[in-house]
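Colleague: Using this note's numbering, the first residue of the sequence shown is number 260, and each one after it goes up by one.
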Amino acid sequence: FSAFGFVHKIATFEKAAGFQALVQFTDVETASAARSALDGRSIPKYLLPDHVTSCNLRMSYSAHTDLNIKFQSHRSRDYTNPYLPVNHTAMDGSMQPALGADGKKVETQSNVLLALIENMQYAVTVDVLHTVFSAYGTVQKIAIFEKNGSTQALVQYS
Numbered sequence: 260f261s262a263f264g265f266v267h268k269i270a271t272f273e274k275a276a277g278f279q280a281l282v283q284f285t286d287v288e289t290a291s292a293a294r295s296a297l298d299g300r301s302i303p304k305y306l307l308p309d310h311v312t313s314c315n316l317r318m319s320y321s322a323h324t325d326l327n328i329k330f331q332s333h334r335s336r337d338y339t340n341p342y343l344p345v346n347h348t349a350m351d352g353s354m355q356p357a358l359g360a361d362g363k364k365v366e367t368q369s370n371v372l373l374a375l376i377e378n379m380q381y382a383v384t385v386d387v388l389h390t391v392f393s394a395y396g397t398v399q400k401i402a403i404f405e406k407n408g409s410t411q412a413l414v415q416y417s
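1) Would you please state the rounded distance, in angstroms, between the beta carbons of Arg336 and Val387? I believe it to be under 8 Å.
2) What are the boundary residues of the alpha helix (DSSP H) that Thr390 is part of?
3) Going by DSSP, what residue range makes up the alpha helix (DSSP H) through Ala293?
4) If we ignore side chains and look at the alpha-carbon of each, how far apart do Ser261 and Tyr395 end up?
5) Taking only the alpha-carbon atoms, compute the straight-line gap between Lys274 and Lys329 and give it to the nearest angstrom.
6) Give the secondary structure of Leu306 by DSSP, where H, G and I count as helix, E and B as strand, and everything else as coil.
7) For Ser291, I'd like the list of residues in its chain whose CB is within less than 7 Å of its CB, leaving aside the five on either flank, ordered along the chain.
8) Just how far apart, CA to CA, sit Ile269 and Ile403?
9) Please state whether the Cβ-Cβ distance between Phe272 and Arg334 is less than 8 Å.
10) Return the first residue and the last residue of the beta strand (DSSP E) that Arg336 is part of.
11) Mind checking whether Val266 and His323 have CB atoms under 8 Å apart?
12) Tell me where the beta strand (DSSP E) around Leu281 begins and ends.
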């Protein structure tokens, strides 16, 4: 993700839908560039363990504009605050989609992307997601969580 700009924060978590990550970038433009480049793409093989054949990304904007990372761990990282305490337990998160007057989901542009990660056969860390998303901009925060049986991540660009 850092190829697009500075990755500020990352949070990862598992939900019923699978593995998810929130990656926070500096601004909407950076997040949009990462989303456009990564949506539907596979995580490069060199970042995957030998037994994993593929891992696809589904990217969307998050309703979050600033991730609240309370501690550094293998599941969450705030690259803007090195003084956060270290906690080795994973973060959990939940999100509600924005709905229009007709009840349909409204997707507005944001500096935070929602990455739905498919075909995961191992635990992805914040560092792996930071490496992937930093290729497209400055990532401020990442949050990984599970939702509807899949792993998702919120990625906030600065």
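Even glycine gets a Cβ: it sits at the ideal position worked out from N, Cα and C.
As the structure is a computational prediction, the values presented were derived from the model and not from experiment.
Modeller: In short:
1) As a first step, residue 336 must be located in the sequence shown, where it is residue number 77. As a first step, residue 387 must be located in the sequence shown, where it is residue number 128. With a Cβ gap of about 11 Å, Arg336 and Val387 do not count as contacting.
2) Here residue 390 refers to the residue found at position 131 when the sequence shown is read from its first residue. Looking at the DSSP string, the run of the alpha helix (DSSP H) that includes Thr390 is Val385 to Phe392.
3) Within the sequence shown, numbered from 1, the residue matching residue 293 stands at position 34. Per DSSP, Ala293 belongs to the alpha helix (DSSP H) from Val287 to Leu297.
4) Along the sequence shown, read from residue 1 onward, the residue named residue 261 stands at position 2. Along the sequence shown, read from residue 1 onward, the residue named residue 395 stands at position 136. Distance between the alpha carbons of Ser261 and Tyr395: 5 Å.
5) Start at 1 with the first residue of the sequence shown, and residue 274 comes out as number 15. Start at 1 with the first residue of the sequence shown, and residue 329 comes out as number 70. Roughly 20 Å separates the two Cα atoms.
6) Position 47 of the sequence shown, counted from the start, is the residue given in the question as residue 306. It is helical.
7) Here residue 291 refers to the residue found at position 32 of the sequence shown. Only Gln368 meet the Cβ criterion.
8) Your numbering for residue 269 matches position 10 in the sequence shown. Your numbering for residue 403 matches position 144 in the sequence shown. Looking at the two C-alpha atoms, the distance is approximately 7 Å.
9) The residue you call residue 272 lines up with position 13 of the sequence shown. The residue you call residue 334 lines up with position 75 of the sequence shown. Contact flag set, yes.
10) Counting from 1 along the sequence shown, the entry for residue 336 is found at position 77. Boundaries of the beta strand (DSSP E) around Arg336: Ser335 to Asp337.
11) The count along the sequence shown starts at 1 and reaches residue 266 at position 7. The count along the sequence shown starts at 1 and reaches residue 323 at position 64. With respect to His323, Val266 sits apart: the two C-beta atoms are not nearer than 8 Å.
12) The residue you call residue 281 lines up with position 22 of the sequence shown. It spans Lys268 to Gln283 - the beta strand (DSSP E) in which Leu281 sits, taken as one unbroken run.
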